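Chemist: Going line by line, the protein sequences match chains H and C. So the first sequence is residues 1 to 216, counted in the working numbering. So the second sequence is residues 1001 to 1216, counted in the working numbering. We put the beta carbon where it would ideally sit given N, CA and C, even for glycine. Since this is a predicted model, take the numbers as computed values, not measurements. Below is a structure I'd like to ask you about.
Protein chains: 2
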Amino acid sequence: MGNNALDKKNLSDALARRLPAYYRHVCIMLAEGKQTVTSGELAKRIGNTSAQVRQDFFTCGGVENYHPDTLKNWLSGLLGIKEEHHMVVIGAGNLGRAIISFKDFNNDGFFIDAVFDNNLMFDGMQICGIPILNVSSLDEYLAANKVDIVVITTPAGVAEEILEKSIKGGVKGVWNFAPVDLRSTDKIEVQNVHLSDSLLTLSFRINEKEFWKNER
Amino acid sequence: MGNNALDKKNLSDALARRLPAYYRHVCIMLAEGKQTVTSGELAKRIGNTSAQVRQDFFTCGGVENYHPDTLKNWLSGLLGIKEEHHMVVIGAGNLGRAIISFKDFNNDGFFIDAVFDNNLMFDGMQICGIPILNVSSLDEYLAANKVDIVVITTPAGVAEEILEKSIKGGVKGVWNFAPVDLRSTDKIEVQNVHLSDSLLTLSFRINEKEFWKNER
DNA sequence: ACCAAAATGTGAAAAATGTATCATTTTTGT
DNA sequence: ACAAAAATGATACATTTTTCACATTTTGGT
């Protein structure tokens, strides 16, 4: 056991969202010096049940033991973060800059190598030591450099075009912050992050709660 | 029909995430001058089936008709964005600044009134015309002003404390960007946005795909 | 080393979610 | 104005996801 992870195809989105949380909490517990991690403790921190943690691990092929190092290592393998990932950011606006200066994921082997913008004023400048290039050179750059993930922080209108260029450039994944629903294909994986949608979901839950408060 | 929305309690998370997307696309179609919206067209744009769109609308109580204005208005009611929402941002770092300058949600009636930080250097300064206050005055501010939503962009360590203050201050919702899993209670709604997790989910999907490519 | 207590792996039941169906209503074309 | 085509609302069905149950294994104390 613990070997044939990913044996089942197309693991559910819900599970794919829980895995990073497991990883995050295992890292925290490791940093806290915990000698062992139980499904119950993990569940409590994440806010679900121990049964679900075990079922998730089982679905993913099972893990040798529950020592934090083993778990972290196993989850790293699942999440594909045993090797470095190289990224470029498209769009040097506020969001792009925030992501560049957001160093949380460097620890997990994600590195941003370049930023692209269509504003000529930026040419030759840097953000946090990362060069800003003109977006007209993106194709060329992708052909010459290994880029695993493209981060889109452009306005909605050009997102699709960047996706096309990414596919042509052999990029494996797109982390999309533009407010359009880009779709994963067999050529490329897409993760859409819609901040406005997320705020509206919060608003919906607040509204739903108020509705019931006033109702009974 | 179209009246008793939210009749069923605890609508599913999946649905709660789709509603903002429906709203977004209806707004786009309205802007495009479309005279009518069909469940099929909406489905195509969002990437699901027309049956699901109809089912979702049915679950939410049904809508009078499919004219874009009617739909937009109906969805606005569900999402609770018929009145203005006032927000404060905690943390004046890169992420905080990005959110403040991110004006997308102003159109939907969300306004940021103040920013709080614990760095005394910021005192008296402004970001995009919004005053930066010291976080020590947060309690006082929440007592004196109507704040619907608190946006947390602090490090993980203080997030829980901000949540407590928010509850005491009568805030209805927390939009949390700190890498901790804050939980909704009957006092307050929480929407966690974990950027690192989202990137790891993307990495997982890429890895899963590569695994299958190499396997057969 | 033994027993008791706790935790895990796994298959099956239960619950939740999504899809298909179809009668009824609305729209479109002539 | 009428018939044909298309879309909707609501129910029934199928699938997916979560929870439960329990035999087996591991841990911890005496």
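As a quick exercise: from H:L79, H:E64 and H:G170, pick the residue whose alpha carbon is nearest that of A21 (chain H).
Modeler: Counting from one through the first sequence, the residue named residue 21 (chain H) turns up at place 21. Ranking the options by Cα distance to A21 (chain H), first place goes to H:L79.
Chemist: State the Cα-Cα distance for the pair C27 (chain H) and I81 (chain H), rounded to the nearest angstrom.
Modeler: Walking along the first sequence from the start, residue 27 (chain H) turns up at place 27. Walking along the first sequence from the start, residue 81 (chain H) turns up at place 81. If you take the alpha carbons of C27 (chain H) and I81 (chain H), they lie about 14 Å apart.
Chemist: Relative to the C-alpha of N1207 (chain C), which residue among H:R54, H:A143 and H:S76 is closest?
Modeler: Within the second sequence, numbered from 1, the residue matching residue 1207 (chain C) stands at position 207. For N1207 (chain C), the nearest C-alpha among the options comes from H:S76.
Chemist: Taking the Cβ atom as the reference point for each residue, do L944 (chain C) and A1159 (chain C) lie within a distance shorter than 7 Å?
Modeler: The requested residue 944 (chain C) is not part of the displayed model; chain C covers only 1001 to 1216.
Chemist: Verify whether the separation of the beta carbon atoms of H86 (chain H) and K168 (chain H) is less than 7 Å.
Modeler: The residue given as residue 86 (chain H) occupies position 86 in the first sequence. The residue given as residue 168 (chain H) occupies position 168 in the first sequence. The answer is no: Cβ separation not under 7 Å.
Chemist: So, does the region 1106-1123 of chain C touch the region 1046-1066 of chain C, judging by three or more C-beta pairs under 8 Å?
Modeler: no
Chemist: Find the nearest neighbour of T201 (chain H) within the set C:M1125, C:N1192, C:V1037 and C:G1091, judged by alpha-carbon distance.
Modeler: As a position in the first sequence, residue 201 (chain H) is number 201, starting the count at 1. Checked all of C:M1125, C:N1192, C:V1037 and C:G1091; the closest Cα to T201 (chain H) is C:N1192.
Chemist: Name the residue from H:Q35, H:S50 and H:G93 whose alpha carbon lies nearest to the alpha carbon of E41 (chain H).
Modeler: Here residue 41 (chain H) is taken as the residue at index 41 of the first sequence, counted from 1. For the residues H:Q35, H:S50 and H:G93, the minimum Cα distance to E41 (chain H) belongs to H:S50.
Chemist: Using the beta-carbon of each residue, which ones in chain C are nearer than 7 Å to F110 (chain H)?
Modeler: The residue given as residue 110 (chain H) occupies position 110 in the first sequence. Under the 7 Å cutoff, chain C gives L1199.
Chemist: Interface residues of chain H around D1104 (chain C) at Cβ under 8 Å?
Modeler: As a position in the second sequence, residue 1104 (chain C) is number 104, starting the count at 1. Near D1104 (chain C) (Cβ distances below 8 Å), the residues of chain H are P179, L195 and S196.
Chemist: Does K168 (chain H) come within less than 7 Å of chain C when only Cβ atoms are used?
Modeler: Mapped onto the first sequence, residue 168 (chain H) falls at position 168. For K168 (chain H), the answer is no, since every Cβ of chain C falls outside 7 Å of its Cβ.
Chemist: State the DSSP-derived secondary structure class of N1134 (chain C), mapped to helix, strand or coil.
Modeler: Mapped onto the second sequence, residue 1134 (chain C) falls at position 134. Here N1134 (chain C) sits in strand by DSSP.
Chemist: How many whole angstroms separate the CB atoms of V1150 (chain C) and V1171 (chain C), which I take to be in contact at a CB cut-off of 8 Å?
Modeler: For the purposes of this step, residue 1150 (chain C) is identified with residue 150 of the second sequence, where counting begins at 1. For the purposes of this step, residue 1171 (chain C) is identified with residue 171 of the second sequence, where counting begins at 1. Between V1171 (chain C) and V1150 (chain C) the Cβ distance is about 5 Å, and since that is below 8 Å, they are a contact.
Chemist: Would you check if the distance between the CB atom of A98 (chain H) and the CB atom of A1098 (chain C) is smaller than 7 Å?
Modeler: Translated into the one-based positions of the first sequence, residue 98 (chain H) becomes position 98. Translated into the one-based positions of the second sequence, residue 1098 (chain C) becomes position 98. Taking 7 Å as the Cβ cut-off, A98 (chain H) and A1098 (chain C) qualify as a contacting pair.
Chemist: When Cβ atoms are compared, which residues of the region 1143-1173 of chain C fall closer than 8 Å to chain H?
Modeler: D1148, I1149, K1172 and G1173
Chemist: If we ignore side chains and look at the alpha-carbon of each, how far apart do V1037 (chain C) and W1074 (chain C) end up?
Modeler: In the second sequence, residue 1037 (chain C) corresponds to position 37, counting from 1. In the second sequence, residue 1074 (chain C) corresponds to position 74, counting from 1. If I take the Cα positions, the gap works out to 13 Å.
Chemist: According to the neighbour-count rule (16 or more other Cβ atoms, all chains shown, within 10 Å of its Cβ), is D108 (chain H) buried or exposed?
Modeler: Taking the first residue of the first sequence as 1, we reach residue 108 (chain H) at position 108. Burial call: buried.
Chemist: Taking Cβ positions, are P1068 (chain C) and L1019 (chain C) nearer each other than 7 Å?
Modeler: Against the second sequence, residue 1068 (chain C) aligns to sequence position 68. Against the second sequence, residue 1019 (chain C) aligns to sequence position 19. Against a cut-off of 7 Å, the Cβ pair of L1019 (chain C) and P1068 (chain C) comes out as no contact.
Chemist: Near K1072 (chain C), which residues of its chain fall below 8 Å by C-beta distance, leaving aside the five closest residues on each side in sequence?
Modeler: In the second sequence, residue 1072 (chain C) corresponds to position 72, counting from 1. Hits under 8 Å: Y1023, V1026, C1027 and L1030.
Chemist: Just the C-alpha distance for R183 (chain H) and V1088 (chain C), rounded to the nearest angstrom, thanks.
Modeler: What you label residue 183 (chain H) is simply residue 183 of the first sequence in a count that begins at 1. What you label residue 1088 (chain C) is simply residue 88 of the second sequence in a count that begins at 1. Rounded to the nearest angstrom, the two C-alpha atoms are 33 Å apart.
Chemist: Does K1209 (chain C) pass the burial test, meaning 16 or more other C-beta atoms within 10 Å, or should it be called exposed?
Modeler: The residue given as residue 1209 (chain C) occupies position 209 in the second sequence. When all chains shown are included, K1209 (chain C) counts as buried.
Chemist: Have a look at I130 (chain H) and I112 (chain H) and give me their C-alpha separation to the nearest angstrom.
Modeler: Walking along the first sequence from the start, residue 130 (chain H) turns up at place 130. Walking along the first sequence from the start, residue 112 (chain H) turns up at place 112. Looking at the two C-alpha atoms, the distance is approximately 8 Å.
Chemist: Is there a C-beta anywhere in chain H that falls below 7 Å from the one on W1074 (chain C)?
Modeler: Sequence index remark: in the second sequence, residue 1074 (chain C) carries index 74 (1-based). Not one chain H Cβ lies under 7 Å of W1074 (chain C).
Chemist: Count the other CB atoms within 10 Å of the CB of A1016 (chain C); is the residue buried (16 or more) or exposed (fewer)?
Modeler: As a working note, residue 1016 (chain C) is residue 16 in the second sequence. Result: buried.
Chemist: Classify V180 (chain H) as helix, strand or coil using the three-state DSSP reduction.
Modeler: By one-based count along the first sequence, residue 180 (chain H) stands at place 180. Coil.
Chemist: Tell me which residue opens and which closes the beta strand (DSSP E) that A1092 (chain C) is part of.
Modeler: Counting from one through the second sequence, the residue named residue 1092 (chain C) turns up at place 92. No beta strand (DSSP E) contains A1092 (chain C), which DSSP labels as neither H nor E.
Chemist: Near I1046 (chain C), what residues of its chain come up, given a Cβ to Cβ distance below 8 Å and the 5 sequence neighbours on each side ignored?
Modeler: Locating residue 1046 (chain C) in the second sequence gives position 46, counting from the first residue. Correct list, in chain order: R1018, A1021, Y1022, H1025 and V1053.
Chemist: Thinking F1116 (chain C) and I1152 (chain C) are a contact (beta carbons under 8 Å), I'd like their distance in whole angstroms, please.
Modeler: Mapped onto the second sequence, residue 1116 (chain C) falls at position 116. Mapped onto the second sequence, residue 1152 (chain C) falls at position 152. Going by Cβ atoms, the distance from F1116 (chain C) to I1152 (chain C) rounds to 10 Å, so no, they are not a contact pair.
Chemist: When you compare the CB of F116 (chain H) with every CB in chain C, is at least one pair closer than 7 Å?
Modeler: As a working mapping, residue 116 (chain H) is identified with position 116 in the first sequence. Taking Cβ atoms only, chain C never reaches closer than 7 Å to F116 (chain H), which makes this a no.
Chemist: Which whole runs of the alpha helix (DSSP H) in the region 1051-1106 of chain C are 4 residues long or more, in chain order?
Modeler: List check, alpha helix (DSSP H) in window: 1068-1079 and 1094-1101.
Chemist: Listing by chain order, which chain H residues have their CB less than 8 Å from the CB of Q1191 (chain C)?
Modeler: Start at 1 with the first residue of the second sequence, and residue 1191 (chain C) comes out as number 191. Going along chain H in sequence order, the residues near Q1191 (chain C) (Cβ under 8 Å) are S198, L199, T201, L202 and R205.
Chemist: Taking all protein chains shown into account, decide if W1212 (chain C) is buried (16 or more other Cβ within 10 angstroms of its Cβ) or exposed.
Modeler: Locating residue 1212 (chain C) in the second sequence gives position 212, counting from the first residue. Classification of W1212 (chain C): exposed, given that the 10 Å Cβ count is below 16.
Chemist: Put I1188 (chain C) into one of helix, strand or coil per three-state DSSP.
Modeler: Residue 1188 (chain C) sits at position 188 when you count from the first residue of the second sequence. Three-state result, I1188 (chain C): coil.
Chemist: By the DSSP assignment, the beta strand (DSSP E) with D1113 (chain C) in it spans what residues?
Modeler: Counting from 1 along the second sequence, the entry for residue 1113 (chain C) is found at position 113. From DSSP, the beta strand (DSSP E) with D1113 (chain C) extends over F1110 to D1117.
Chemist: Take Y1066 (chain C) and list the residues in its own chain whose beta-carbon comes closer than 7 Å to its own, dropping the five residues that flank it on each side.
Modeler: For the purposes of this step, residue 1066 (chain C) is taken as residue 66 along the second sequence, with counting starting at 1. Cβ within range, chain order: T1036, V1037 and T1038.
Chemist: Under 6 Å Cβ to Cβ from T1154 (chain C), same chain only, skipping five residues before and after it: list those, please.
Modeler: Here residue 1154 (chain C) is taken as the residue at index 154 of the second sequence, counted from 1. The residues are I1090, G1091 and A1178.
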